[in-house]
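**Student:** Taken in sequence, the protein lines are chains A and B.
Reading the first sequence from the start, the letters are residues 1 to 457 in the numbering used here.
Reading the second sequence from the start, the letters are residues 1001 to 1427 in the numbering used here.
We treat Cβ as the ideally placed atom computed from N, Cα and C, and that holds for glycine.
No experiment lies behind these values; they were computed from the predicted model shown.
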Amino acid sequence: MEYSRSEIMSGVTLTHIRSDKFKTACLSVNLLTQLKRETASMNALLPLVLRRGTALYGDMEAISRRLDELYGAAIEPVIRRIGEIQCVGFIASVPEEDFLPAGSGTLRGVCELLGQLLLTPKTRGGLLLPDYVDSEREKLLEMIRARLNDKLGWAVSRCIEEMCCCEDFAVDRLGDEESAEAIRYQKLTKQYRALLQSSPIEIFYCGRADKKRVEDLLRDAFAALPRGEIDYEIGTDLRLNALEDEPREYTELMNVAQSKLVIGWRLGEAMEEPDFAALRVFASLFGGSTASKLFTNVREKLSLCYFASCVADLHKGLLLAYAGTDAERSEEARKEIFAQLAAIGNGEITDEELEAARADVRSSLRAVLDSQGSMEGFCLSAALAGADYTPEELGELCADVTKEQLAAIAQGCECDMVYLLAPDGGEEDGEEEEREISDEELAAFEEEENGDPETNV
Amino acid sequence: MEIRKQTYNELGETLCSAKLANGLRVRVVPKKGFSGFFACFGTYYGSVMRSFLLGGERKDTPAGVAHYLEHKMFDMPDGDNALQSMTATGADPNAFTGFDETVYHFHCTERFEENLRTLLRFVTTPYFTPETVEKEQGIISQEIRMYDDLPDYAVYFELMKLLYRTHPLRDDIAGTVESIAEIDAETLYACHKAFYTPGNMCLCVEGDVEPEEICRIAEEILGTEKGEVPQPLIPEENGAPEQLCTERKMSVSAPLFLLGAAFTPSGEDALRERIVARLALRLLCSPSSAFYTRLYREGLLNRSFSYEAEFPANAALVTAGGESRDPKRVYDELLREAERVAAEGFDAADFERAKRASLGARLRGFEDFDSVCLSAFEGARLGYSVFDAPAVLASVTAEECRAFVARVLTRERTALSVILPEGGAGA
């Protein structure tokens, strides 16, 4: 794997990884901007509207047909929150020409289409089409409202919202309903032009094409990119301490069969000069794997729940632990979660636990190298953190992590919020319901939860 | 023991297949240049095999045994837990239970052989005590509760109840809180003995490995003895649904729906049948179809829409669903489109384009170790090679796809399951 980063146009950085391992290449274009309540929904809406039609391919059907012709290449809008930076754009999957009939031209085709989606949307009088904007605004609202359907995801994001109520981090990657409802096509066109001119752009490519070819194709595709003064002043505000002396508590009632408990901490001093290897090993030890303190105690020893895990957001310096329990046993789970964190703080870490956590982090970092999608997330996250290590290098650093370091991280955690989503005692209709049960699907779900690039630092 | 190597130059893949003396099927996909390994070891035993014949005797068991077994297999007689010992090496072990399979698997980047040995050993070492069996009830009950809160699962099983009146596909894979209370150590031992015999199992591995070595380790740990393979008794179901629509309320933001039709798989060419079904659905309702783009424009569908063809046990079904403010309209529109296609067939240019897109999607699927191994696991049961898919795809005709739509997506057989927001009006 050959890795390089270079500025190919003003404020446009290309991360290029040449690899023969894969059958499809990954190509993403991300516009970076400060996450703010006033603009988050507009920024989120942009790639959705742009994906509706270009000057050349006027509607979704035409775009989809073009992608089918390119052997099922995919170009999807992507909207992420990494720390307090909102990243919006497109991510493409490009079937490699080596496996297709001669002359398939998939990489050129996808680069061109990406450039058109970003720079020459279908417009009228120079403005984005009201029809597309209105229609996608309604779908964005549906997506924002649909967050409710995933109860654990809802509980985690509500915990963050309450915990960071005075910070931009409380804003969801999609923004909120109120500001989304207010979006009209003139306003969105203005925001679109501003973003194109001022936002730093991160492009990522991993595939068989060499750097020169990718650069040339991208320069052609993005030749018309209007650049003004680039806003490099974007970043994430770190708060090391809890908002109040005692953890705040928030209970929300809903018609759910199972309580979802989410506890949020500030990682505190550990974020002053963060040691990312140690922080990752700490998160794994506490609740990152089936060998973790939370899994072995809250689930296996006490049978309190099916899942008990944690995730660390290393951009914002947050630790979140979550578990699903019977309503009457959530207090027990809460006590046990705190007890396990305290145990780490007291240095109650066996050699086996330490080695399992190191191995878990090392292995998951090495696995990043086997997937272009994971590489994309890792590289974008590392670029935003100003870090310049490879997953392998970071993994090797785990060997040096000590129990003392882990205890110090646990001691420095300040609990800021205890959030509980509890059954409202309404109609009991869970008894005869059916579901397909699979650990794998839960794992996939958790992966999605943890897969946010913020954990990939 | 003979290892058969099929090389697919145009894909850069090789599939190695073997059947050991003990009856175990082994599939290995050697891969150079990757850091990771994936292995899955499973039995063709799932939730629908509640009754079976063994030694000429019929056995009937409570719902949820296969899944309960999956949970308890990780306990080892020496007090160790295989999940923990594998995790300790940095591996990522897990397991799942389906309608017709229970699969244990892990991904790792180091100490592969050690983990493979642990996998083979713990899956074939039953160890249950009354205490540990009882303790697991708390965890499984919470798992059942967790799924109670997932509307996607509710909408799926409500549909299954419409499509299957007697077939156990209509029932929860984990059983119910009541049925799992009937499961004891004795039941678990009996079902393990019946279904976890090498002749009813398969091992699939992908990574930088030697197939000969994989077979040698498997034989070393599992022995060469061949046991009797049980005969599952699964009811067949051919009738059309009695009722075509069901509605339920949950705390969701907008109506969720899943429509579907069950059909009887021909069983002749399993791979071709799967490819035809998925290509026909792609033509009918993928993002580039006239149906999808029109309903998307009209605000009746959004990006949550997806479709699938499934072939569980001796059955088959197609489903399509997502979020919509008017699920009945979507249902009507899809059936109308299916009727039009059944009468007129697919457009030739659309068909060629869909084939291209399907080829790209399959290439993408071949990159994923998990999905290659799990397809190989299914292929080993049904006798096909996952890497044959592109060649078969190239030979599929538009008429086959038209005939599939005409046969399966009919008004009499297509049912609709809807989850409505609480306090909302009917769909």
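Distance check for residue 28 of chain A and residue 1142 of chain B, CA to CA, integer angstroms please.
**Tutor:** Going by the C-alpha atoms only, they are around 39 Å apart.
**Student:** Can you list, in chain order, the residues of its chain whose CB lies under 7 Å from that of residue 1388 of chain B, leaving out five sequence neighbours each side?
**Tutor:** Counting only Cβ-Cβ distances below 7 Å, and skipping sequence neighbours, we find 1271.
**Student:** From this set, A:203, A:376, A:355, which residue's C-alpha is nearest residue 1090 of chain B's C-alpha?
**Tutor:** The shortest Cα separation from residue 1090 of chain B among A:203, A:376, A:355 belongs to A:355.
**Student:** Taking the runs of the beta strand (DSSP E) that are 3 residues or longer, which of them lie wholly in the stretch 71–125 of chain A?
**Tutor:** Within the stretch 71–125 of chain A, the complete beta strand (DSSP E) runs of at least 3 residues are 74–82, 85–95.
**Student:** Against chain A, which members of the stretch 1340–1366 of chain B pass a CB distance test of less than 7 Å?
**Tutor:** Going along the stretch 1340–1366 of chain B in chain order, one finds 1353, 1354, 1356, 1357, 1358, 1359, 1360, 1361, 1363, 1364, 1366 with a Cβ nearer than 7 Å to chain A.
**Student:** Report yes if the CB atom of residue 52 of chain A is closer than 9 Å to the CB atom of residue 136 of chain A, and no otherwise.
**Tutor:** Yes; because the gap between Cβ atoms is below 9 Å, this pair is in contact.
**Student:** I want to verify the contact list: residues of chain A whose CB lies under 8 Å from the CB of residue 1323 of chain B, in sequence order.
**Tutor:** Per Cβ cutoff of 8 Å: 142, 146.
**Student:** Quick one, are the C-beta atoms of residue 99 of chain A and residue 23 of chain A less than 9 Å apart?
**Tutor:** Closer than 9 Å, so yes.
**Student:** With three or more C-beta pairs closer than 8 Å as the rule, is the stretch 1373–1390 of chain B touching the stretch 1399–1410 of chain B?
**Tutor:** No: the two stretches stay apart, fewer than three of their Cβ pairs being nearer than 8 Å.
**Student:** Count the other C-beta atoms from every protein chain shown that fall within 10 angstroms of the C-beta of residue 1422 of chain B, then say buried if there are 16 or more, exposed otherwise.
**Tutor:** Answer is exposed; the Cβ neighbour count stays below 16.
**Student:** Answer yes or no: do residue 77 of chain A and residue 50 of chain A have a C-beta to C-beta separation smaller than 9 Å?
**Tutor:** Cβ distance < 9 Å, so residue 77 of chain A and residue 50 of chain A count as in contact.
**Student:** Using a Cβ cut-off of 9 Å, which residues of the stretch 1119–1146 of chain B contact any Cβ in chain A, in chain order?
**Tutor:** Listed by position, the residues of the stretch 1119–1146 of chain B near chain A (Cβ gap below 9 Å) are 1135, 1136, 1137, 1138, 1139, 1140, 1141, 1142, 1143, 1144, 1145, 1146.
**Student:** On the three-state DSSP scale, how would you describe residue 418 of chain A?
**Tutor:** DSSP places residue 418 of chain A in strand when its eight states are reduced to three.
**Student:** Between the beta-carbon of residue 1188 of chain B and the beta-carbon of residue 1093 of chain B, is there less than 9 Å?
**Tutor:** No; because the gap between Cβ atoms is not below 9 Å, this pair is not in contact.
**Student:** How long is the line joining the alpha carbons of residue 1324 of chain B and residue 5 of chain A, rounded to whole angstroms?
**Tutor:** One C-alpha to the other measures close to 43 Å.
**Student:** If we define contact as Cβ-Cβ less than 9 Å, is residue 322 of chain A a contact residue for chain B?
**Tutor:** No, no contact with chain B.
**Student:** Report yes if the CB atom of residue 1229 of chain B is closer than 9 Å to the CB atom of residue 1264 of chain B, and no otherwise.
**Tutor:** The answer is no: Cβ separation not under 9 Å.
**Student:** Compare the C-alpha of residue 273 of chain A against each of A:378, A:290, A:386 and name the closest.
**Tutor:** Residue A:386 is the option with its Cα nearest to residue 273 of chain A.
**Student:** Using a C-beta to C-beta distance shorter than 8 Å, which residues of chain B count as neighbours of residue 95 of chain A?
**Tutor:** Those within 8 Å of residue 95 of chain A in chain B are 1359, 1360, 1363, 1364.
**Student:** Can you name the residues that DSSP bridges to residue 1040 of chain B?
**Tutor:** DSSP lists B:1105, B:1204 as partners of residue 1040 of chain B.
**Student:** Specify, as a first and last residue, the run of the beta strand (DSSP E) that residue 289 of chain A falls within.
**Tutor:** Premise fails: residue 289 of chain A is in no beta strand (DSSP E) and is neither H nor E.
**Student:** My understanding is that residue 1038 of chain B touches residue 1213 of chain B, with C-beta atoms under 8 Å, so please give their C-beta distance in whole angstroms.
**Tutor:** Wrong, their Cβ atoms sit about 16 Å apart, outside the cutoff.
**Student:** Going by CA-CA distance only, name the one from B:1031, B:1418, B:1405 that's closest to residue 1262 of chain B.
**Tutor:** Ranking the options by Cα distance to residue 1262 of chain B, first place goes to B:1405.
**Student:** Cβ of residue 252 of chain A less than 9 Å from any chain B Cβ?
**Tutor:** So no, residue 252 of chain A is outside the interface.
**Student:** Just mark residue 1 of chain A as buried or exposed, buried being the case when its beta carbon has 16 or more other beta carbons within 10 Å.
**Tutor:** Residue 1 of chain A comes out exposed.
**Student:** So if DSSP puts residue 1025 of chain B in a beta bridge, which residue, or which two residues, is it bridged to?
**Tutor:** Partner(s): B:1019, B:1202.
**Student:** Please tell me whether residue 1167 of chain B has its Cβ less than 9 Å away from any Cβ of chain A.
**Tutor:** Not one chain A Cβ lies under 9 Å of residue 1167 of chain B.
**Student:** Please state whether DSSP places residue 1152 of chain B in a helix, a strand or coil.
**Tutor:** In the structure shown, residue 1152 of chain B sits in a helix (DSSP, three-state: H, G or I).
**Student:** Using a Cβ-Cβ cut-off of 9 Å, state whether residue 1296 of chain B counts as contacting chain A.
**Tutor:** Output row for residue 1296 of chain B: interface = yes.
**Student:** Can you tell me the Cα-Cα spacing of residue 1072 of chain B and residue 139 of chain A, whole angstroms?
**Tutor:** If I take the Cα positions, the gap works out to 44 Å.
**Student:** Taking only the alpha-carbon atoms, compute the straight-line gap between residue 151 of chain A and residue 326 of chain A and give it to the nearest angstrom.
**Tutor:** One C-alpha to the other measures close to 14 Å.
**Student:** What first and last residue would you give for the beta strand (DSSP E) that runs through residue 1054 of chain B?
**Tutor:** Its beta strand (DSSP E) spans residues 1051–1054.
**Student:** May I have the straight-line CA-CA distance separating residue 155 of chain A from residue 262 of chain A, to the nearest angstrom?
**Tutor:** One C-alpha to the other measures close to 7 Å.
**Student:** Is residue 1366 of chain B helix, strand or coil by DSSP?
**Tutor:** In the structure shown, residue 1366 of chain B sits in a helix (DSSP, three-state: H, G or I).
**Student:** Buried or exposed, going by whether 16 or more other CB atoms sit within 10 Å of the CB of residue 1266 of chain B?
**Tutor:** Residue 1266 of chain B should be labelled exposed.
**Student:** Which whole runs of the alpha helix (DSSP H) in the stretch 1328–1372 of chain B are 4 residues long or more, in chain order?
**Tutor:** You should have 1348–1366.
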